[in-house]
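Peer 1: Take a look at the following structure, please.
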Amino acid sequence: MNEKSWPKISIVTPAFNARQFIEAAIKSVLEQNYPNLEYIIIDGGSTDGTVDIIKKYEKHISHWESNPDRGQTHALNKGFSRATGILRGWLNADEEYLPGTLRCVGGEYSASNDLELIYGNRYFLNLNVDPPVKRLEKIFPILPFSLMFYTGRILCSDATFWTKQVHDALGELDEERYPRYAMDAEWLLRVTGMVHRWKHIAKPLSVFKLHGVNITTEAVNRGLRYNEQIRRAYAKAHGISTFKIFLGWLWYSTRLRIWEKGILGMFTPPRWDTFAYLFLHKYRKNKQKNGFTKKA
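For the sequence shown, my numbering gives the first residue as 87, with consecutive numbering after it.
Take a look at the structure:
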């Protein structure tokens with residue numbers, strides 16, 4: 087493909103006191119060597135040296151700022167308000183893109199030219215155990231809305247990209263209800279609920295790092311509650327009954343088990359703790375193996 091014909095991709099990185107990780111995040115974006123990149127960093131007024139690291143790369147960054155904000159969702163909205171790319175995505179300050187990710191995404195979009203959503207797998211790196219443990223987190227390649235709505239799983243925000251048209255139609259991320267937690271689940275449920283043309287890339291595009299100070303670690307149980315509330319609110323707004331949700335869960339969870347375990351998945355009973363989480367508002371305790379929370 088001609089270097090000038092690559093679709094413009096806008097990436098937003100929200101940051102606050104992320105000195106430990108942000109340089110790796112920035113380098114993972116810039117070292118993509120993507121020919122039509124718009125990179126925006128919105129820092130919330132860091133005082134730990136994060137800004138000094140950003141300044142090292144500022145000539146390669148389309149826009150950056152460091153001002154107090156109201157939280158991660160506000161930072162993301164500020165960043166996306168400046169974005170001009172046909173494709174959008176965000177990468178948190180403690181995450182990384184794998185080499186070639188943006189060319190892969192841009193190439194998929196150019197090949198079809200009508201995709202609205204592109205997403206892939208990622209690596210999940212647990213830094214809370216010694217030695218760190220990494221595993222591949224695969225996304226079940228079914229209709230992404232059904233995956234999120236009926237099974238309770240979500241797409242990986244660091245491995246998901248959508249178009250400007252989708253973003254403009256949906257407006258901003260919901261800062262009022264989700265200023266700090268679960269904004270990714272709420273946003274991506276809205277995105278998947280409106281798109282008709284999507285592409286799953288069956289390889290890892292990014293690395294998510296679990297560590298002792300990141301928002302995701304401190305919000306596991308709160309995130310479960312928020313995710314359930316998000317799904318319920320969406321169902322109410324779109325007239326989806328609890329019975330339909332139950333049937334969808336039964337069908338898609340069975341398909342999910344078959345995809346993960348092969349023919350044995352047909353004879354594996356559903357996880358009733360997931361049922362309790364989705365329908366009875368009961369949240370399971372984290373069961374960990376090799377430092378990872380056991381999947382539902």
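Even for Gly, the Cβ is constructed at its ideal location relative to N, Cα and C.
Predicted model only: the values in this text are computed from it and were never measured.
If we require 4 or more residues per run, which alpha helix (DSSP H) segments fall completely within the region 222-265?
Peer 2: Entirely contained in the region 222-265, the alpha helix (DSSP H) runs reaching 4 residues are, in chain order, 230-237 and 250-256.
Peer 1: Using alpha carbons as the reference points, say which of Tyr125, Glu144 and Trp150 lies closest to Gly131.
Peer 2: Residue numbering aside, residue 131 sits at position 45 when the sequence shown is read from its first letter. Ranking Tyr125, Glu144 and Trp150 by Cα distance to Gly131 puts Trp150 first.
Peer 1: Could you please give me the residues that DSSP links to Arg208 through a beta bridge?
Peer 2: Counted from its first residue, the sequence shown places residue 208 at position 122. Partner(s): Glu223 and Ser292.
Peer 1: Skipping 5 residues on each side, what residues in its chain have a beta carbon closer than 7 Å to that of Val137?
Peer 2: Taking the sequence shown and counting its residues from 1, one reaches residue 137 at position 51. Counting only Cβ-Cβ distances below 7 Å, and skipping sequence neighbours, we find Asp129 and Ser152.
Peer 1: Can you tell me the Cα-Cα spacing of Lys164 and Ile126, whole angstroms?
Peer 2: Locating residue 164 in the sequence shown gives position 78, counting from the first residue. Locating residue 126 in the sequence shown gives position 40, counting from the first residue. About 10 Å.
Peer 1: Select from Pro230, Glu194, Tyr195 and Ser292 the residue whose C-alpha is nearest the C-alpha of Trp176.
Peer 2: Numbered from 1 along the sequence shown, position 90 holds the residue referred to as residue 176. The shortest Cα separation from Trp176 among Pro230, Glu194, Tyr195 and Ser292 belongs to Ser292.
Peer 1: Short of 7 Å in beta carbon distance, which residues of its chain neighbour Leu342, apart from the five on each side in sequence? Order them along the chain.
Peer 2: If you number the sequence shown from 1, residue 342 lands on position 256. Phe226 and Thr237, listed in sequence order.
Peer 1: If you run the structure through DSSP and keep just helix, strand and coil, what is Val215?
Peer 2: For the purposes of this step, residue 215 is identified with residue 129 of the sequence shown, where counting begins at 1. Coil, per DSSP.
Peer 1: Which residues does DSSP list as the beta-bridge partners of Glu181?
Peer 2: The residue labelled residue 181 in the question sits at position 95 within the sequence shown. Glu181 pairs with Phe294.
Peer 1: Apply the 10 Å Cβ neighbour rule to Lys145 and answer buried if 16 or more other Cβ atoms are within range, or exposed otherwise.
Peer 2: Here residue 145 refers to the residue found at position 59 of the sequence shown. With fewer than 16 Cβ atoms within 10 Å of its Cβ, Lys145 is classed as exposed.
Peer 1: Is it right to say Lys295 is buried, meaning 16 or more other beta carbons lie within 10 angstroms of its own, or is it exposed?
Peer 2: If you number the sequence shown from 1, residue 295 lands on position 209. Buried: at least 16 other Cβ atoms inside 10 Å.
Peer 1: For the beta strand (DSSP E) that Asp129 lies in, which residues bound it at each end?
Peer 2: For the purposes of this step, residue 129 is identified with residue 43 of the sequence shown, where counting begins at 1. Here the beta strand (DSSP E) through Asp129 covers Leu123 to Asp129.
Peer 1: Can you tell me whether Trp92 is helix, strand or coil according to DSSP?
Peer 2: Looking up residue 92 in the sequence shown gives position 6. Three-state DSSP puts Trp92 in coil, outside helix and strand.
Peer 1: Does Trp345 pass the burial test, meaning 16 or more other C-beta atoms within 10 Å, or should it be called exposed?
Peer 2: Residue mapping note: residue 345 aligns to position 259 of the sequence shown, counting from 1. So Trp345 ends up on the exposed side.
Peer 1: In whole angstroms, what separates the C-alpha of Glu124 from that of Asn88?
Peer 2: Here residue 124 corresponds to residue number 38 of the sequence shown, with the count starting at 1. Here residue 88 corresponds to residue number 2 of the sequence shown, with the count starting at 1. In a straight line, the C-alpha of Glu124 is about 18 Å away from that of Asn88.
Peer 1: Would a C-beta distance cut-off of 8 Å place Thr278 and Phe332 closer than the cut-off?
Peer 2: Reading the sequence shown from its first residue, position 192 is the one you call residue 278. Reading the sequence shown from its first residue, position 246 is the one you call residue 332. The answer is no: Cβ separation not under 8 Å.
Peer 1: Measure the CB-CB distance between Leu173 and Trp284 and report whether it falls below 8 Å.
Peer 2: Within the sequence shown, the letter at position 87 stands for residue 173. Within the sequence shown, the letter at position 198 stands for residue 284. Cβ distance not < 8 Å, so Leu173 and Trp284 don't count as in contact.
Peer 1: Measure from the alpha carbon of Leu116 to the alpha carbon of each residue in Thr133, Ala104, Arg105 and Ile95, then state which is nearest.
Peer 2: In the sequence shown, counting from the first residue as 1, residue 116 sits at position 30. Checked all of Thr133, Ala104, Arg105 and Ile95; the closest Cα to Leu116 is Ile95.
Peer 1: Measuring CA to CA, which of Gly257, Ile287, Glu258 and Tyr338 is closest to Arg239?
Peer 2: For the purposes of this step, residue 239 is taken as residue 153 along the sequence shown, with counting starting at 1. The residue with the shortest Cα to Cα distance from Arg239 is Tyr338.
Peer 1: Going by CA-CA distance only, name the one from Tyr143, Glu223, Ser198 and Leu213 that's closest to Asn207.
Peer 2: Within the sequence shown, the letter at position 121 stands for residue 207. When only C-alpha atoms are compared, the closest one is Glu223.
Peer 1: Identify which residue in Val215, Ala104, Leu229 and Tyr120 has its Cα closest to the Cα of Lys191.
Peer 2: To locate residue 191, count along the sequence shown from 1; it is residue 105. Note on residue identity: the sequence assigns Val, not Lys, to residue 191. That would be Tyr120, whose Cα lies nearest to the Cα of Val191.
Peer 1: Pull up the CB-CB distance for His324 and Glu261, whole angstroms please, since I reckon it's below 8 Å.
Peer 2: Your numbering for residue 324 matches position 238 in the sequence shown. Your numbering for residue 261 matches position 175 in the sequence shown. The pair is not a contact, with the Cβ atoms about 22 Å apart (cut-off 8 Å).
Peer 1: Between Ile147 and Ile316, what straight-line distance do the alpha-carbon atoms span, to the nearest angstrom?
Peer 2: Counting from one through the sequence shown, the residue named residue 147 turns up at place 61. Counting from one through the sequence shown, the residue named residue 316 turns up at place 230. Distance between the alpha carbons of Ile147 and Ile316 is about 34 Å.
Peer 1: Who are Glu202's beta bridge partners in DSSP?
Peer 2: On the sequence shown, position 116 is the one that residue 202 refers to. Beta-bridge pairing links Glu202 to no other residue.
Peer 1: If you draw a straight line from the C-alpha of Thr187 to the C-alpha of Arg308, how long is it?
Peer 2: Taking the first residue of the sequence shown as position 1, residue 187 is located at position 101. Taking the first residue of the sequence shown as position 1, residue 308 is located at position 222. Answer to the nearest angstrom: the Cα atoms are 31 Å apart.
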